[in-house]
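Everything in the sequence shown is counted per the numbering used here, starting at 10 for the first residue and increasing by one.
Report on one structure; see the data block that follows.
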Amino acid sequence: MKTKIAIIGATGYTGVELLRLLLAHPEVEITALTSQKYIGLPIEEVFPSLKGRLSLVCEELNVERISQKADVIFTALPHKRAMEVVPLFYERGKRIVDLSADFRFRKAGIYEEWYQKHQAPELLSISVYGLPELHREEIRKATIVGNPGCYPTGALIGLIPLVKEGFISLDGIVVDSKSGVSGAGRDVVLESLFCEVNEGVKAYKIFSHRHTPEIEQELSELAQREVKVTFVPHLIPMDRGILTTLYVHLNKKLKTRDLLKLFEESYQEEPFVRVYSEGRLPNTKDVRGSNFCDVGIVVSETDERAVIVTAIDNLVKGASGEAIQNMNLMVGYPETMGLDGIPLAP
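Printed below as a string of structure tokens:
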């Protein structure tokens, strides 16, 4: 019997990406879609790309009714709204993958410092941060998974082996990320309009971006000490993709091939992490539409500096693809099921 899926907030970019990917998943059936804006409209009218593939009608959120139709709930709601909804599905015994920030943090105090007062702090202790490359076994047993943010996914995959093995100084880590405009969501916002974004690149929210504490939480837990990073996000004029450049200081003189060996050994069993050979660096075009995270490494020949570059599709590995990867683990399906598509080219 197929797993029945409901998507709460199906008409944003992460919602439609969930639909695109789940329609290729052989073991799931989408049974319910909710939307505030498009209640009563068939989803194929909201997104013509789905025409002929899915004709479900967008409905108003009714937790009781949807719980009767679904086994697994994806909540693709704005931050602060998800924590109102997730407890209601949890009480009804549903497994939940939440794509907002509301269940990514272990401590309510950190969430409240960056967002607002948490309305379900008692659930933070049982929710799991949904980065399979770091928390795979916990995800398998989880009822609530807080799907990582897009920026933290690319940053953490580029840093985990280095921190885990003690190869780098934990002081002075710089995370420089450049994201396509879809990362800002589907709402009409002045800063995301074509004429505001086209032919320009800008940094934003330096020292104040809400993905900063996610990165620091996971690195601190891994290192067993407090880790702070300098995170500088940029908006660039493309639809999707994130290129993250990580600047670190090694604890001893190493060569590029030494770090490549570390990454290759660390990720050899990871189905969605591709480590590039020496002399090659990732490009967001090469992961477009896929759940891959590509990694490239360059070590200075004169001192202890190193640069790691990662590329992801922010809507797939940075959001909806990773959410399905987590669902596969929670339900017991092969981790790659429904996610083994080749990146688009060109």
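Heads up, the beta-carbon is just placed ideally off N, CA and C, and yes, glycines get one too.
These numbers were taken from a predicted model, which means no experiment stands behind them.
In the three-state reduction of the DSSP assignment, P242 falls in the strand class.
In the DSSP assignment, E38 falls outside any alpha helix (DSSP H) and within the unbroken beta strand (DSSP E) covering 37 to 43. Nearest to V236 by C-alpha distance, out of Y160, K294, L179, is L179.
Where D267 is concerned, the enclosing alpha helix (DSSP H) starts and stops at 265 to 275. Note on geometry: alpha-carbon atoms of M346 and D312 lie some 43 Å from one another.
The beta carbons of G139 and N335 sit closer together than 7 Å.
Under the 10 Å beta carbon count, V25 is surrounded by 16 or more other beta carbons and is classified as buried. In summary, C302 is buried, with 16 or more beta-carbon neighbours lying within 10 Å of its beta-carbon over all protein chains present.
Look at Y160 here: in three-state DSSP terms it is helix.
Rounded to whole angstroms, Y160 and M92 show a C-alpha spacing of 21 Å. Between G189 and D248, the beta carbon gap of about 5 Å places them in contact (Cβ cut-off 8 Å). With respect to the C-alpha of P355, the residue from L31, K294, G181, V95 having the closest C-alpha is K294. Comparing alpha carbon positions, the residue from G350, T40, A320, L28 closest to A79 is T40. Look at the stretch 85 to 134 and you find these whole runs of beta strand (DSSP E), each 3 residues long or longer: 104 to 107.
Residue range 22 to 31 is occupied by the alpha helix (DSSP H) that includes Y22, with no beta strand (DSSP E) assigned at that position. For S188, there is no enclosing alpha helix (DSSP H); the residue is found in the beta strand (DSSP E) stretching over 182 to 188. Judged by their CB atoms, G18 and A85 are nearer to each other than the 7 Å cut-off. Between F112 and S76 the beta-carbon gap is near 18 Å, outside 8 Å, which marks them as no contact. In this structure S329 touches L30 by the C-beta definition: roughly 6 Å separates them, less than 8 Å. Bounds of the beta strand (DSSP E) holding G155 are 153 to 155. A direct Cα-Cα distance of roughly 42 Å separates L263 from E200.
In this structure, DSSP gives P355 a state outside helix and strand, which the three-state scheme calls coil. Rounded to whole angstroms, the separation of the alpha carbons of R62 and A15 is 16 Å.
In this structure, DSSP gives H220 a state outside helix and strand, which the three-state scheme calls coil. Cβ neighbours of L97 within its own chain (closer than 6 Å, five residues either side excluded): V72.
Listed as beta-bridge partners of F83 by DSSP are I16, V106. Three or more Cβ pairs closer than 8 Å define a contact, and the stretch 232 to 246 falls short of that threshold against the stretch 276 to 286.
Non-local C-beta neighbours of V284 in its own chain, meaning closer than 7 Å and more than five positions away in sequence, comprise L269, F272, E273, Y276, V304, ordered along the chain. In this structure, DSSP gives T254 an extended state, which the three-state scheme calls strand.
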